[in-house]
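Engineer:
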Amino acid sequence: TERPEPVARNSVLLGEHRARKMPYTLYNLFGSPPCATVRMLAKHIGVDLELKNVDTFKKEHLTPEYLKINPFHKIPSFSDDGFIIYESSAICYYLLRKHAPDSELYPNCNRARARIDQALATITSTIQPHFFKFMIPRFYELKKPTAEEVQAFEENVIKGFEQVLGDGNYVLGDKLSLADLSLVAHLTLVLELPLLDAQKYSKLKSYYDRLKAELPYFEEVNEPGINALKTLANQVK
Numbered sequence: 009t010e011r012p013e014p015v016a017r018n019s020v021l022l023g024e025h026r027a028r029k030m031p032y033t034l035y036n037l038f039g040s041p042p043c044a045t046v047r048m049l050a051k052h053i054g055v056d057l058e059l060k061n062v063d064t065f066k067k068e069h070l071t072p073e074y075l076k077i078n079p080f081h082k083i084p085s086f087s088d089d090g091f092i093i094y095e096s097s098a099i100c101y102y103l104l105r106k107h108a109p110d111s112e113l114y115p116n117c118n119r120a121r122a123r124i125d126q127a128l129a130t131i132t133s134t135i136q137p138h139f140f141k142f143m144i145p146r147f148y149e150l151k152k153p154t155a156e157e158v159q160a161f162e163e164n165v166i167k168g169f170e171q172v173l174g175d176g177n178y179v180l181g182d183k184l185s186l187a188d189l190s191l192v193a194h195l196t197l198v199l200e201l202p203l204l205d206a207q208k209y210s211k212l213k214s215y216y217d218r219l220k221a222e223l224p225y226f227e228e229v230n231e232p233g234i235n236a237l238k239t240l241a242n243q244v245k
């Protein structure tokens, strides 16, 4: 399962479109990297989202009402006036095609798009299962990770994220893209919470700190989730 937004300082980073009122609803979980990815993209291209927060501790994602929206009981889900989409990448593609088809986040270049798609698929299909296998017991059971669990996380997740990033400043090398929004959203849990030694992951830490400073909407979007999860992480025993 994938868990409370100032004015932009950089109009180029914010993208091509001013915010507009649209009948968009995001079924959201603060602290969820996929949800944060969608929210950061929406900020970047100037699209308003109405957030409906889903409380997974109360199992609201398993209710008959929510299962009608997403039969796989995952978060986020998205509604455009009743047109439902789930899976964060699909939601992002929909918003980009509809509102920012020429966005620098998903450039009109087959090879660049292939690299972005590859990174998103790798994060969600290959890395994310290991990511949540480690994170979920921390927040839902308040269990301290064992040395073996940390080792497995570093092998399957940290090395995976480093591979996705590569040797450039961004996933595409020298240009910010949608893949970076997904990667940096996942890194919030790795580098902001007192569960792991963030200083060990210097390559990812340097990248994360730079994007955190570059993206004018970063703190607005991510701080509520980080703060909520820090409260839980501090209870881990």
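In the working numbering, the protein residues as written are 9 to 245.
Every residue, glycine too, gets a C-beta built ideally from N, C-alpha and C.
Taking only the alpha-carbon atoms, compute the straight-line gap between G168 and R47 and give it to the nearest angstrom.
Structural biologist: Stepping through the sequence shown from its first residue, residue 168 is reached at position 160. Stepping through the sequence shown from its first residue, residue 47 is reached at position 39. Using only the alpha carbons, I get a separation of about 24 Å.
Engineer: In three-state terms, what does DSSP make of A27?
Structural biologist: Taking the sequence shown and counting its residues from 1, the one referred to as residue 27 is at position 19. In this prediction, A27 scores a pLDDT of 47, lower than 50, which makes its location untrustworthy; the coordinate-derived value is nonetheless stated afterwards. A27: coil per DSSP, three-state reduction.
Engineer: Could you have a look at N164 and say whether DSSP puts it in helix, strand or coil?
Structural biologist: For the purposes of this step, residue 164 is identified with residue 156 of the sequence shown, where counting begins at 1. Three-state result, N164: helix.
Engineer: What is the rounded straight-line gap between the Cα of L173 and the Cα of V179?
Structural biologist: Mapped onto the sequence shown, residue 173 falls at position 165. Mapped onto the sequence shown, residue 179 falls at position 171. The alpha-carbon atoms of L173 and V179 are separated by roughly 5 Å.
Engineer: Residue ranges of each beta strand (DSSP E) run of no fewer than 3 residues wholly in the region 42 to 99, ordered along the chain?
Structural biologist: 58 to 61, 85 to 88, 91 to 94, all fully within the region 42 to 99.
Engineer: What is the rounded straight-line gap between the Cα of P72 and the Cα of R146?
Structural biologist: The sequence position of residue 72 within the sequence shown is 64, counting from 1. The sequence position of residue 146 within the sequence shown is 138, counting from 1. Roughly 27 Å separates the two Cα atoms.
Engineer: Using a threshold of 8 Å, state whether the C-beta atoms of N191 and I131 are closer than that.
Structural biologist: As a first step, residue 191 must be located in the sequence shown, where it is residue number 183. As a first step, residue 131 must be located in the sequence shown, where it is residue number 123. The residue you asked about is not Asn; residue 191 is Leu in the sequence shown. Going by C-beta atoms, L191 is nearer than 8 Å to I131.
Engineer: Going by beta-carbon coordinates alone, are I77 and C43 separated by less than 8 Å?
Structural biologist: Residue 77 sits at position 69 when you count from the first residue of the sequence shown. Residue 43 sits at position 35 when you count from the first residue of the sequence shown. No; because the gap between Cβ atoms is not below 8 Å, this pair is not in contact.
Engineer: Have a look at Y94, Q243, N116, D182 and flag the residue whose alpha-carbon is nearest the alpha-carbon of H69.
Structural biologist: Mapped onto the sequence shown, residue 69 falls at position 61. The shortest C-alpha separation from H69 is found at Y94.
Engineer: Report the residue from Q207, S214, L34 whose alpha carbon sits nearest the alpha carbon of F91.
Structural biologist: In the sequence shown, counting from the first residue as 1, residue 91 sits at position 83. Closest by alpha carbon: L34.
Engineer: What are the partner residues of T132, as DSSP defines its beta bridges?
Structural biologist: One-based indexing of the sequence shown puts residue 132 at position 124. Its beta-bridge partners do not exist; DSSP assigns none.
Engineer: Would you mind reading off the limits of the beta strand (DSSP E) that contains L34?
Structural biologist: Position 26 of the sequence shown, counted from the first residue, corresponds to residue 34. Residues 32 to 36.
Engineer: May I ask you to verify whether the region 135 to 155 touches the region 105 to 124, counting CB pairs closer than 8 Å and requiring at least 3?
Structural biologist: No, the region 135 to 155 is not in contact with the region 105 to 124.
Engineer: Could you tell me the distance, in whole angstroms, from the CA atom of E162 to the CA atom of N61?
Structural biologist: Taking the sequence shown and counting its residues from 1, the one referred to as residue 162 is at position 154. Taking the sequence shown and counting its residues from 1, the one referred to as residue 61 is at position 53. Taking the straight line joining both Cα atoms gives about 31 Å.
Engineer: What residues in its chain sit with their C-beta under 7 Å from that of A50, if we drop five residues either side in the sequence?
Structural biologist: In the sequence shown, counting from the first residue as 1, residue 50 sits at position 42. Around A50: L57, L103.
Engineer: For G181, which of helix, strand or coil comes out of DSSP?
Structural biologist: If you number the sequence shown from 1, residue 181 lands on position 173. Strand, per DSSP.
Engineer: Judging by CA-CA distance, which residue of I124, D63, L59, P153 is the nearest neighbour of K183?
Structural biologist: Here residue 183 refers to the residue found at position 175 of the sequence shown. Comparing Cα positions, the closest option is I124.
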